[in-house]
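First comes the structure, then the notes that go with it.
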Amino acid sequence: MKKILLFIAIGVLLLPAASNFNVTVNDAHTEIQEEKFVEREAGENDTEYWALLIAVGKYANVPEMDRPSMLIEVENFYNTLLVSERWKEDHIKVLTAENATVFNILAAFKWLDEMEDENDFCLVYITTHGFPILFDLPPFDEDDGMDEALATYRGFLPFPNPWSWEPLANPFAILTDDLLNFLLNRLEAKGICFIVDSCHSGGFNDNWSYVKANNFAVELAKDLRGGNRIVMTSVREEDLSYGSIFTHFIVEGLKGYADSNNDGICTAEEAFYYAKPRVMEASGYSMVPQIFDDYEGEMPLTEKELPPSKPVIGGVEIGDANVTMLYTFYSTDPEGDRIKYHIKWGDGSEEYTSFYNSGEKVNVTHVWTKEGTYEIEVEAIDEHGAVGEKSYKTVTMQGKYSVDQRQVNTRYAYLVNDTRWLAQSFVPSMPVLGEVELCLICWADGYDLELSIREEIDGDDLVKVTKTIAPTDEWKVQWVM
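What follows is the structure, given as structure tokens:
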């Protein structure tokens with residue numbers, strides 16, 4: 427029997443009754459809208475901005491390789507570009523998850539080549555797993571004898587790797603540096619910014635990749651540099667596989683924080699040098715981003731439009747189901763713009779408020795119809811579309827049971843298998859245990875959660891319950907009772 431894969435936090439609901447279980451799944455990342463693109467008119471000489479944003483994030487048949495942060499950050503990137511007057515919705519193509527196949531990526535590069543001309547700027551962004559191939563594929567141009575590759579949606583083979591928990595790379599669903607260089611060389615734009623945030627997981631230990639990957643991003647950037655081009659890559663040590671730290675800080679810089687000379691414009695170079703020290707600090711100095719800048723001068727990408735502050739959420743943590751609950755939201759905009767709030771209540775419902783003055787407290791009510799624990803997610807958006815950092819608040823709505831104690835602040839996923847167990851201690855203040863609620867993530871079908879309660883860690887089970895857990899979409903948490 428497999429044990430549940432991931433465990434995050436614990437909430438305990440106590441009152442008389444026997445143990446029972448219900449499942450609640452938090453809503454999460456939404457897909458970016460379908461893109462509609464226009465034909466470029468002949469003879470058009472104005473400078474235009476074109477972007478191709480690719481975030482794989484989800485991989486066929488190998489959910490353990492999924493990285494939801496890639497999908498979140500590419501949406502943030504997309505929305506940030508649209509705040510700028512330089513960027514138009516129909517000038518940006520986004521490929522994510524199952525749409526990020528080799529065929530679709532090649533078609534997207536073809537679209538980009540057809541749209542842009544020598545008067546324009548192009549931004550190409552790719553985030554996925556990356557790895558060096560053990561040997562140099564034609565045209566045999568690698569000093570180290572190895573090509574570099576990026577995985578697409580089907581970038582891993584759908585059967586177990588006998589040497590590692592990590593899957594085998596699929597040689598027919600990867601993008602090599604030679605192919606990417608060929609595609610970039612077809613672009614005529616006067617400025618090209620190419621950003622790769624490759625989440626290397628430490629070597630796949632198979633015949634298509636190399637176990638030591640510390641220089642992967644450096645080698646990739648060297649191979650892709652060229653005239654009128656800026657190439658940026660994240661460098662990730664073997665033990666860092668999760669998150670999209672580099673993208674997060676690049677996008678944060680492009681919102682306006684990177685405008686180091688205060689001219690109201692954020693350039694690609696400013697964004698990189700804003701991100702680099704923050705990435706290094708956030709990663710414990712195991713990541714050192716690289717830039718190869720062959721563009722003369724600096725490449726402008728966005729205008730400065732600072733987003734509202736991270737919202738403050740006021741209201742009770744423990745309430746009652748089927749009762750109207752009041753919550754307050756508060757944020758300020760550094761430029762004094764009016765603010766609206768996008769609220770997800772954790773039960774599948776969401777809403778947008780009207781616009782309010784910066785700093786004005788906003789009261790919003792909500793009713794949860796089922797007992798359980800929910801995560802409120804809220805972001806502030808100014809009248810120009812700039813989106814601030816999200817805030818979260820975990821709330822529990824009582825029904826049949828009353829809450830004795832809650833432990834919901836831990837936001838770290840533990841890998842659990844057949845030989846590893848997690849223990850959580852608590853001292854109940856009520857005489858009878860009614861229900862235990864756990865927050866967890868599950869990668870795939872076929873995993874069981876086994877919960878036992880003991881007086882001592884090595885004592886006998888007072889009660890033991892087993893429940894099969896449904897997969898959580900894109901690593902989103904679910905509260906299971």
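The sequence shown begins at 427 in the numbering used here and counts up one residue at a time. All residues carry an ideal CB built from backbone N, CA and C; glycine is no exception. Being a predicted model, the structure only gives us computed values, none of them experimental.
Got a sec? Which residues, its chain only, sit under 7 Å from residue i by beta carbon, not counting five neighbours each side?
| i | result |
| --- | --- |
| Gly-653 | Asp-720 |
| Asn-908 | It is not possible to answer for residue 908, since the shown part of the chain is limited to 427 through 907. |
| Glu-460 | Because Glu-460 carries a pLDDT of 45, less than 50, the predicted location of this residue cannot be relied on, and no value is offered for it. |
| Ala-747 | Trp-794, Thr-795, Lys-796, Glu-797, Met-823, Gln-824, Gly-825 |
| Asp-886 | Arg-880 |
| Leu-666 | With a pLDDT of 45 at Leu-666, under the threshold of 50, the predicted position of this residue should be treated as unreliable, though the coordinate-derived value follows. Taken in chain order, the residues that qualify are Ser-709, Ser-712, Met-713. |
Beta-carbon within less than 6 Å of residue i's beta-carbon, same chain only, minus the 5 sequence neighbours each way: which residues are those?
| i | result |
| --- | --- |
| Leu-601 | Leu-576 |
| Ala-468 | Residue confidence for Ala-468 is low, a pLDDT of 48 falling below 50, so the modelled location carries little weight; the figure read from the coordinates is stated next. Excluding positions up to five away in sequence, the list is empty. |
| Pro-737 | Phe-755, Ser-757, Val-804, Ala-806, Ser-817 |
| Lys-702 | Pro-715 |
| Glu-876 | Thr-892 |
| Ser-510 | Thr-728, Glu-729 |
| Leu-383 | This structure cannot settle anything about residue 383, because the visible part of the chain is limited to 427 through 907. |
| Phe-698 | Met-658, Ile-717 |
| Lys-890 | Ser-878 |
| Val-622 | Ile-552, Thr-659 |
| Glu-696 | Ala-684, Ser-686 |
| Glu-707 | none |
| Gly-741 | Tyr-753 |
| Trp-513 | Tyr-475, Leu-507 |
| Val-705 | Ile-671, Phe-672, Phe-675, Met-713, Pro-715 |
| Lys-819 | Ile-739, Ile-802 |
Between the options, which has its C-alpha nearest residue i's C-alpha?
| i | options | result |
| --- | --- | --- |
| Phe-781 | Gly-772, His-768, Asp-773, Val-793 | His-768 |
| Lys-770 | Cys-692, Asp-759, Val-790, Leu-508 | Val-790 |
| Gln-716 | Glu-542, Ile-676, Pro-494, Asp-871 | Ile-676 |
| Phe-718 | Leu-521, Tyr-700, Ile-656 | Ile-656 |
| Ser-784 | Phe-529, Tyr-778, Glu-761 | Glu-761 |
| Ala-812 | Leu-479, Trp-476, Asn-502 | Asn-502 |
| Gly-581 | Arg-764, Ile-744, Gly-556, Glu-776 | Gly-556 |
| Glu-861 | Gly-885, Ala-684, Arg-832, Gly-741 | Arg-832 |
| Thr-750 | Lys-616, Asp-871, His-792 | His-792 |
| Asp-759 | Glu-743, Leu-752, Gly-774, Glu-815 | Glu-815 |
| Asp-472 | Asn-611, Phe-547, Glu-743 | Phe-547 |
| Ile-744 | Glu-786, Val-834, Leu-606, Tyr-778 | Val-834 |
On the DSSP letters alone, give me the boundaries of the beta strand (DSSP E) that residue i sits inside.
| i | result |
| --- | --- |
| Leu-864 | 861 to 867 |
| Ser-828 | 828 to 833 |
| Tyr-778 | 776 to 778 |
| Tyr-485 | Run containing Tyr-485: none; DSSP gives neither H nor E here. |
| Val-788 | 788 to 792 |
| Gly-599 | It is Ala, not Gly, that sits at residue 599 in the sequence shown. Ala-599 -> no beta strand (DSSP E), and no H or E assigned at all. |
| Ala-575 | 574 to 577 |
| Ile-883 | Segment: none, Ile-883 is in no beta strand (DSSP E) and carries neither H nor E. |
| Asp-719 | 716 to 719 |
| Leu-521 | 518 to 522 |
| Asp-623 | 617 to 624 |
| Met-658 | 655 to 659 |
| His-768 | 765 to 770 |
| Glu-678 | It is not in any beta strand (DSSP E) - Glu-678 instead sits in the alpha helix (DSSP H) that spans 671 to 678. |
Is the Cβ-Cβ distance between residue i and residue j less than 8 Å?
| i | j | result |
| --- | --- | --- |
| Ser-709 | Glu-499 | no |
| Ile-879 | Leu-859 | yes |
| Leu-507 | Cys-619 | no |
| Val-788 | Ile-802 | no |
| Asp-808 | Ile-739 | no |
| Lys-681 | Pro-734 | no |
| Glu-592 | Glu-542 | no |
| Ile-480 | Leu-521 | yes |
| Ile-679 | Tyr-700 | Reading the sequence as shown, one finds Gly at residue 679 and not Ile. Their beta carbons are under 8 Å apart, which means Gly-679 touches Tyr-700 by this criterion. |
| Thr-673 | Ser-624 | no |
| Lys-616 | Glu-544 | yes |
Which residue marks the beginning of the alpha helix (DSSP H) containing residue i, and which one marks its end?
| i | result |
| --- | --- |
| Asn-607 | 603 to 611 |
| Glu-809 | Note, Glu-809: premise wrong, no alpha helix (DSSP H); not H, not E. |
| Arg-704 | 694 to 708 |
| Thr-506 | 494 to 509 |
| Glu-540 | 528 to 541 |
Quick one: residues in its chain with C-beta nearer than 8 Å to the C-beta of residue i, no 5 flanking neighbours on either side, listed in chain order?
| i | result |
| --- | --- |
| Tyr-579 | Val-482, Lys-484, Tyr-485, Ala-486, Ala-523, Glu-524, Asn-525, Ala-526, Thr-527, Ala-599 |
| His-810 | Val-509, Glu-731, Asp-763 |
| Pro-565 | Confidence in Pro-565 is poor, its pLDDT being 47 and thus under 50, which makes the residue's placement unreliable; the coordinate value appears in the next sentence. Counting only Cβ-Cβ distances below 8 Å, and skipping sequence neighbours, we find Asp-604. |
| Glu-724 | Thr-693, Ala-694, Glu-695, Glu-696 |
| Asn-505 | Gly-811, Val-813 |
| Asn-530 | Leu-521 |
What I want to know is whether the C-beta of residue i ends up closer than 7 Å to one or more non-hydrogen atoms of the ligand GTP.
| i | result |
| --- | --- |
| Val-889 | The ligand GTP is absent from the structure shown, which contains no ligands of any kind. |
Return no unless some Cβ of chain B is closer than 8 Å to the Cβ of residue i.
| i | result |
| --- | --- |
| Lys-770 | Absent from the structure is chain B; it holds one protein chain and no more. |
(message) Counting beta carbon pairs with one atom in the region 812 to 831 and one in the region 782 to 802, are three or more of them shorter than 8 Å?
(response) yes
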